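Q:
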Amino acid sequence: MAKEIEKKQGFVEHITPRDVDFAQWYTDVILKSELVDYAPVRGCMVIRPYGYAIWERIQHELDTRFKATGHENVYMPMLIPESLLLKEAEHVEGFAPEVAWVTQGGNEVLQERLAIRPTSETIFCAMYSKWVGSWRDLPMKYNQWCNVMRWEKSTRPFLRTSEFLWQEGHTIHATQEEAQEETMRMLDIYREVAQTELAMPVLVGRKSEKEKFAGARATYSMEAMMQDGKALQAGTSHNFGTNFAEAYNIQYLNKEGKLTYVHETSWGVSTRLIGAIIMTHGDERGLKLPPHIAPIQAVIVPVAAHKAGVLEKCGEIFAELAAAGLRVKLDDRDTLSPGFKFNDWELKGVPVRIEIGPRDLENGQCVVFRRDTYDKQSVALQELSAMLPQLLEDIQHNMYALADQFRKERITEVRTMEELKKAVDGGFAKAMWCGERACEDKIKEEAGASSRNMPFDQQPIGDTCVCCGKKAEKLIYFAKAY
RNA sequence: CGAGGUGUAGCGCAGUUUGGUAGCGCGUUUGGUUCGGGACCAAAAGGUCGCAGGUUCAAAUCCUGUCACCUCGACCA
């Protein structure tokens with residue numbers, strides 16, 4: 442089907458329409474926009490310069506906020522001795538099926554095999570137990586930017602790959618209250634970055650026991666809705682209580698001189714966020730990047746670049762905009778037609794395009810195109826650098842508003858299983874739940890949906906469980922998930 | 001790990017049923033003309049047909065094995 446359309450239109454770079462095959466649309470977009478390529482290793486991706494530039498933007502937004510809230514960056518080794526990994530039982534059980542092992546070094550078989558980190562709780566714990574001694578040492582709030590590896594059964598670039606990049610924050614605190622405060626603070630930073638920088642609305646809340654992180658006392662998440670109505674867990678923040686501290690013996694002497702276990706948190710977001718941006722905003726022409734994290738915010742495309750003065754003027758405008766602090770690019774590739782470039786930069790999701798040709802030079806203006814609405818307007822050249830920042834903000838806000846409206850239309854309050862099944866076919870179901878694992882399992886079985894999270898703002902929409910009909914305990918979202 | 005699918009030029013594919021000189025489109029290179037929504041003409045380069053066995057005078061094609069990747073499920077950021 443998609444192939445027939447492609448052939449008919451004769452477009453080499455044609456993208457499969459979203460409503461024909463959303464999964465294929467996603468694959469088309471990420472490959473053709475040159476974000477990633479498949480690696481010659483099972484389940485791994487190569488993040489290409491344009492994709493990595495987006496990751497660097499996301500890193501910048503997060504890292505700035507981490508540091509502003511008192512966190513420091515560190516780096517832990519990628520290899521974890523098996524004995525160390527085994528100490529927290531629930532954690533091991535959760536990760537064991539997807540750990541990759543190093544069993545040989547050079548020509549020698551290792552005495553103890555080494556896990557390639559699937560996450561670094563264990564090694565952080567080992568170091569914290571060494572580093573902490575007094576209540577004066579607390580809190581310790583460390584973060585690391587690194588790669589991790591999980592031997593996933595089936596993989597998709599950005600969404601689930603064997604190796605991926607992320608940040609993992611690990612903190613230890615004197616009290617449960619402090620740990621909980623930290624857990625919430627970091628979740629809120631994730632929410633804020635998602636909403637203000639990625640223009641992506643998210644639902645924040647607490648995970649059910651079934652869905653929580655292996656070894657956590659409580660897991661909180663932010664959940665985003667993709668354009669096929671499926672949920673993507675876009676970030677998590679965990680409160681471990683003293684679970685790991687007890688397993689790894691992380692104790693300090695409190696003010697009374699008594700040995701006390703620390704309270705620990707961890708929190709992470711990954712390159713999956715790039716997948717979230719793509720599936721939240723993208724359209725039939727390809728990527729659509731929010732201006733705040735777009736590596737290129739505005740691209741200048743010369744028209745009839747060989748004509749006198751065109752390229753020179755483009756160069757001047759480029760210098761002016763760059764000096765004004767905009768991330769701008771001049772597309773001076775000489776063998777490509779303007780039309781090709783228009784499509785190329787739309788595919789790559791650049792928020793604003795500036796066209797400058799001979800006609801514009803005569804009139805002292807340019808054509809400004811915005812990616813989110815496809816609107817074109819003529820702008821006087823001397824006003825350009827003054828109007829662009831506001832235009833970029835408009836685009837940023839419009840993209841959030843569109844995504845928010847899309848999501849609102851696809852969240853349905855449900856009171857019966859029939860309603861739930863219908864709601865999760867292309868959307869989220871908002872339901873009351875008794876709190877029992879059995880009902881989650883049954884909903885997974887019958888509707889293919891999992892619980893996403895329980896919002897902090899618990900305004901009941903009924904008093905009986907959507908599944909079993911018994912007394913409801915919690916308001917919770919269900920959805921099919923990536 | 002279950003079910004399905006695909007491996008042929010950088011990319012996308014045809015050719016496999018019925019064994020007989022390796023094809024097409026795009027891209028690439030060179031020269032020229034173009035340039036306000038995916039330009040055109042001409043010439044050129046580019047492939048041990050995933051890998052290993054086997055059958056045959058002859059294998060991309062038939063047989064056996066094997067590896068990899070993709071999609072959908074189950075599991076997970």
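Under our numbering, the residue at position 165 of the first sequence is numbered 606, and the numbers go up by one with no gaps. Ideal placement from N, C-alpha and C gives every residue a C-beta, glycine not left out. Model, not experiment: these values are computed from the prediction.
Determine whether the beta carbon atoms of E523 and A655 lie at a separation below 8 Å.
A: Not a contact, by the Cβ cut-off of 8 Å.
Q: Please report the distance separating the alpha-carbon of P799 from that of Y467.
A: Answer to the nearest angstrom: the Cα atoms are 38 Å apart.
Q: State buried or exposed for N680, treating a residue as buried only when at least 16 other CB atoms are found within 10 Å of its CB.
A: Burial call: buried.
Q: Could you check where the beta strand (DSSP E) with D478 kicks off and where it finishes?
A: Segment V477 to Y479, the beta strand (DSSP E) holding D478.
Q: What's the gap between the Cα of I423 and the Cα of V703?
A: In the structure displayed, the chain extends from 442 to 923; residue 423 sits before or after that span and is not available.
Q: Once the 5 residues before and after N839 are set aside, which same chain residues still bring their CB inside 8 Å of it?
A: If we look at N839 and ignore the five residues flanking it on each side, its Cβ neighbours are D813 and T814.
Q: Quick check: what's the CA-CA separation for I446 versus D462?
A: With a pLDDT of only 30 at I446, under 50, the local geometry of the prediction cannot be trusted, and the value read off the model is given with reservation. Their Cα atoms are separated by approximately 12 Å.
Q: Taking P792 and I836 to be in contact with their CB atoms under 8 Å, please state how far apart those CB atoms are, rounded to whole angstroms.
A: Indeed, because the Cβ distance is near 5 Å, the residues count as touching under 8 Å.
Q: My output table needs one value for K600: the three-state DSSP class, helix, strand or coil.
A: It is Leu, not Lys, that sits at residue 600 in the sequence shown. Three-state result, L600: coil.
Q: Can you check which of these residues, K921, E787, I902 and V769, is closest to R851 by C-alpha distance?
A: The candidate whose alpha carbon is nearest that of R851 is K921.
Q: Smallest Cα separation from R811: which of E824, L829, E803 and Q823?
A: Nearest C-alpha to R811: L829.
Q: Our contact map puts F507 next to N584 with C-beta atoms below 8 Å; I'd like the distance itself, whole angstroms only.
A: Yes, they are in contact, since the Cβ atoms of F507 and N584 sit about 5 Å apart, within 8 Å.
Q: Per the DSSP calculation, E824 is bridged to which residue(s)?
A: Answer by DSSP bridge pairing: none, since E824 is not bridged.
Q: For N695, I'd like the list of residues in its chain whose CB is within less than 8 Å of its CB, leaving aside the five on either flank, ordered along the chain.
A: The answer, listed in chain order, is W576, A615 and T701.
Q: Going along the chain, which unbroken runs of the beta strand (DSSP E) with 3 or more residues stay wholly within the segment 548-601?
A: Counting only runs of 3 or more, we get 549-557 and 581-590.
Q: Do you know how far the Cα of I715 is from the Cα of E946?
A: Nothing in the structure corresponds to residue 946, since the chain is present only between 442 and 923.
Q: Have a look at Y693, A657 and M720 and flag the residue whose alpha-carbon is nearest the alpha-carbon of Q674.
A: Per the Cα distances, M720.
Q: Here's the rule I'm using: 16 or more other beta-carbon atoms within 10 Å means buried, otherwise exposed. How should D801 be labelled?
A: That one is buried.
Q: In whole angstroms, what separates the C-alpha of E979 from that of L728?
A: Residue 979 is absent from the model: the chain starts at 442 and stops at 923.
Q: Quick check: does the Cβ of I737 come within less than 7 Å of any heavy atom belonging to the ligand ADP?
A: This structure lacks the ligand ADP, and indeed carries no ligand of any kind.
Q: Going by DSSP in three states, I456 sits in which element: helix, strand or coil?
A: The answer is coil: DSSP assigns I456 none of H, G, I, E or B.
Q: Does L606 come out as helix, strand or coil in the three-state DSSP assignment?
A: Here L606 sits in strand by DSSP.
Q: State buried or exposed for R483, treating a residue as buried only when at least 16 other CB atoms are found within 10 Å of its CB.
A: R483 should be labelled exposed.
Q: Identify which residue in D845, W874 and N894 has its Cα closest to the Cα of L639.
A: Measuring from the Cα of L639, the nearest candidate turns out to be D845.
Q: From this set, T637, E549, M568 and G670, which residue's C-alpha is nearest A464's C-alpha?
A: Ranking the options by Cα distance to A464, first place goes to G670.
Q: Taking Cβ positions, are Y661 and G646 nearer each other than 8 Å?
A: Going by C-beta atoms, Y661 is nearer than 8 Å to G646.
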